[in-house]
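Line by line, the protein sequences are chains B and C.
Here the numbering used here is used: the first residue of the first sequence is 1, the next is one more, and so on.
Here the numbering used here is used: the first residue of the second sequence is 1, the next is one more, and so on.
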Amino acid sequence: MRRLVTAFAAVTALISGAAVLKLKLVVQDKADQVQALADKIHDDQEAIRVLDAEWAYLTTPRALENQSAKFLALMPPRASQVLTNPDVIPFRPRSAGEVEDPGVLLPSRETKKDKPSSAQSGLQATSQEAGVRKPQTNQKGQAL
Amino acid sequence: MSVAYSYHSPVLEGERKTALEIARGRLTVAVLLFLLGFAIMAARTIELGISTTAEKQVATRTIEVPPVKVARADIVDRNGEILATNLETSSLYANPSEIKNPKLAAAKLVSVLPDLSLADVEEKLSSGRKFVWLKRKLTPREKWQVNALGIPAFAFQDEEERVYPHGRLAAHALGFVDVDGKGLAGVEHFFNDRLDDPDRTTEPVKLSIDVRVQYALADELEAAKNAYQAVGAAGLVMDVNTGEVLAMVSLPDYDPNNVTGVSADERFNRVSQGVYELGSTMKTFTFAAALDDGVVTMNDGYDASKPLHVARFTIHDDHPRNRFLSVPEIFVYSSNIGTAQMALDLGTERQQAFLSKVGLLQPSTLELSEVGAPIYPAQWHKISTMTISYGHGIAVSPVQLATGISAMVNGGRLMPATLIHTSGLHHGGRQVISPATSRKIRQLLRLTVMKGTGGRANAIGYRVGGKTGTAEKAENGGYARHSLISSFVGAYPMDDPRYVVFALLDEPHGTKETFGYKTGGWVAAPVVKNVILRTAPLLGIAPRKEDEGLYQKTSLLIHDYKHHR
């Protein structure tokens, strides 16, 4: 009986010793992982700083304006196009087919399409009305 | 004792037995105690393992992320957009004593860094010294390429570089830094200690600038400057209720990322440092002073039928009417003759006190080192009073003017100009004119745009009010007849003013489009109009049909406005 207890104690001690050692190794491994993760977070934070700066560089208003002119070619909105009350948005007239000149595209894009002169003069009128273009454009509009 | 021993031998057996029993009993107690101790520890361990919440277990383990260290705090705009930031870069150095074949190493290096001179690098590498700088501040790509060469004698030193992602935009507000990251101009210089403070490098400095507004103003001014071949241009947008500067443009400008070879003219901040005789825009202050002191009312008027002769000077009108003008007419048609007479009625002392009160006689409090002091006569004679009333003989910076105009339209509170974002609460400020006078000034400014000299600033829907200003440049003690400073100061929306927009062109030339005119109403007013059209939607100001009733009464005092041009 006594010998059995001794053997049991010895085996238990061995197993627990091995378990503690294993635990220690696992903890060390985890600690290394945590440290690596912390370093990665640090590196990512630095990378984010660089990306933030790059984002600011790429979205600087001049770049956005160039991209907008290239891909959208939209005109700046006129005061009359801004509604303060969403309830007053008019429905599209049913009879009207496709609107020839919705008055939202930049003149350069519009003239490229080689539209009949009526569309052009209409557009000039809108840009004059909006007063958003430079004086030269206005003058050209008057000449037309 | 020995006798007893031998004598009591049978008893000894029993004694030994009891002693053994006692020892065993004691041992058992000790074992039990130890067992109890271990049992308690085991129970406590299990209890700790079960009862402690997972959050608490994790929280006790602190994970130290090495903080990102920067030598200088970022600068951001009012929306958090980065205007200036410090990025890590590497500088390349070499240990030439470790290089066996300097010619080959130099050739290899120049092949990846083509902006280095081959002869220069070769000389450095064959010098036999222990340390030479080859190139400061490489881009990550360049660093990678140099590493790919695989030459062990090349090494890198980590450094920081100040980067301005928006380039020229807001250059004059931001300023720039030297190689060691010390601020040399603009906000970088003014707040150098704050930006450098090691405890606060992670909190950015938030400016009142809005990059979108800044760009709109810069773009329009640039276009006008080119169209009218002006030597320079300046403009700013200011919040009338807080004094915050949303945009500040001075042309020509520079790129703060690379300031080598930038001329003094490009560095000169025309908005805060430059002082100009601004002409008729100053009439606003004469009218405000006279109306506020009750010297005149809107129903009064002055005779402007002929030029005014004072001492050896003659005061003319640029837009002559040659008749008696009502007070609103004098303002709307920008009559120098009428304004000068009004200033005489106001008196020199009251005029001086008023201009001082609205901050036109002291340098602006803007947070820049480049702030110019106003120029005005030391001896304020009667003629000075008259000319200053319409903006000649006094030179102020655009930021001073905008601050003053803000106070004229916002209900009379003077808010000091600032480049730092404020929380939006309007506190502080000094009452300089009564709200009633401010209301009258708003009517006058709006009518100037509706019926007078400022017609080309009328951004439909945004209720713009403003005043033109045209002054001949002072040169060699006299005035240069054909070099003008043309400006326009506008405020909108006039029923509840939010922003002041100012534009100035230095020596513009008339074009065919302006029929040769180069005055403020022709060249500067359209800039203000375009800036308002572009930025009002961004700033949350909705276009609206205006309440004509606001101006009806004053409008009746203005006649024959149809033929004013």
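Glycine included, every Cβ here is placed at the ideal spot set by N, Cα and C.
With DSSP as the reference, label residue i as helix, strand or coil.
| i | result |
| --- | --- |
| K124 of chain C | helix |
| T85 of chain C | strand |
| I383 of chain C | helix |
| Q431 of chain C | strand |
| E266 of chain C | helix |
| Q362 of chain C | coil |
| H42 of chain B | helix |
| S80 of chain B | helix |
| V205 of chain C | strand |
| K69 of chain C | coil |
| I420 of chain C | strand |
| S389 of chain C | helix |
| F38 of chain C | helix |
| Q157 of chain C | strand |
| H509 of chain C | coil |
| T535 of chain C | helix |
| T53 of chain C | coil |
| A73 of chain B | coil |
| G521 of chain C | helix |
| H482 of chain C | strand |
| V5 of chain B | helix |
| Y492 of chain C | strand |
| T453 of chain C | coil |
| T468 of chain C | strand |
| E475 of chain C | strand |
| K100 of chain C | coil |
| S272 of chain C | coil |
| I375 of chain C | strand |
| R26 of chain C | helix |
Does the beta-carbon of residue i, which I'm using as the reference point, lie nearer than 8 Å to any heavy atom of the ligand MN?
| i | result |
| --- | --- |
| T202 of chain C | Ligands in the displayed structure: none, and consequently the ligand MN is not present. |
CB-CB under 7 Å to residue i, same chain, minus the five flanking residues each way: which ones, in chain order?
| i | result |
| --- | --- |
| F331 of chain C | K283, F287, L444, T448 |
| I315 of chain C | P307, L308, N336, I337, A340, M386 |
| K137 of chain C | T89, S91, E159, E161 |
| Y462 of chain C | Y492, P493, I532, A536, I541, P543 |
| Y57 of chain B | none |
| Y215 of chain C | L169 |
| D196 of chain C | R72 |
| F313 of chain C | I383 |
| Q145 of chain C | V112 |
| K103 of chain C | E122 |
| G181 of chain C | A71, R72, E160, R162 |
Here's the rule: buried if 16 or more other CB atoms are within 10 angstroms of the residue's CB, otherwise exposed. What is residue i?
| i | result |
| --- | --- |
| E349 of chain C | exposed |
| N86 of chain C | buried |
| I541 of chain C | buried |
| M415 of chain C | buried |
| R442 of chain C | buried |
| V489 of chain C | buried |
| G183 of chain C | buried |
| G17 of chain B | exposed |
| A290 of chain C | buried |
| L236 of chain C | buried |
| L188 of chain B | The shown model of chain B, from 1 to 144, leaves out residue 188 of chain B, and the question about it has no answer. |
| S397 of chain C | buried |
| M342 of chain C | buried |
Using a Cβ-Cβ cutoff of less than 8 Å, which residues in the same chain neighbour residue i once the five nearest sequence positions on both sides are dropped?
| i | result |
| --- | --- |
| D87 of chain B | none |
| A353 of chain C | none |
| T514 of chain C | Y228, W522, V523 |
| F324 of chain C | G301, Y302, D303, A304, S305 |
| G391 of chain C | E277, L278, G279, S280, T281, M282, K283, G469, A471 |
Got a sec? Which residues, its chain only, sit under 6 Å from residue i by beta carbon, not counting five neighbours each side?
| i | result |
| --- | --- |
| T470 of chain C | G279, L484, S486, T519, G520 |
| G149 of chain C | Before going further, note that residue 149 of chain C is Leu rather than Gly in the sequence given. Answer for L149 of chain C: K108, listed in chain order. |
| E475 of chain C | none |
| I151 of chain C | A105 |
| V500 of chain C | M238, V240, A402, I405, S406, A491 |
| R534 of chain C | A216 |
| K440 of chain C | L291 |
| V262 of chain C | Y254 |
Exercise for the section: State whether the segment 471 to 482 of chain C contacts the segment 346 to 365 of chain C, with contact taken as three or more CB pairs (one from each stretch) at a distance under 8 Å. Expected result: no
Exercise for the section: Could you tell me which uninterrupted beta strand (DSSP E) segments, each at least 3 residues in length, are contained entirely in the segment 286 to 345 of chain C, listed from first to last along the chain? Expected result: 301 to 303, 308 to 310, 313 to 315, 324 to 326
Exercise for the section: Pair every Cβ in the segment 170 to 178 of chain C with every Cβ in the segment 246 to 263 of chain C, then say whether three or more of these pairs are closer than 8 Å. Expected result: Yes: the two stretches touch, three or more of their Cβ pairs being nearer than 8 Å.
Practice task
Could you name each continuous beta strand (DSSP E) segment of 3 residues or more that falls completely within the segment 208 to 269 of chain C, going from the start of the chain to the end?
Solution key: 232 to 239, 245 to 251
Exercise for the section: Specify whether the segment 191 to 207 of chain C and the segment 73 to 83 of chain C touch according to this definition: at least 3 beta carbon pairs, one from each stretch, less than 8 Å apart. Expected result: yes
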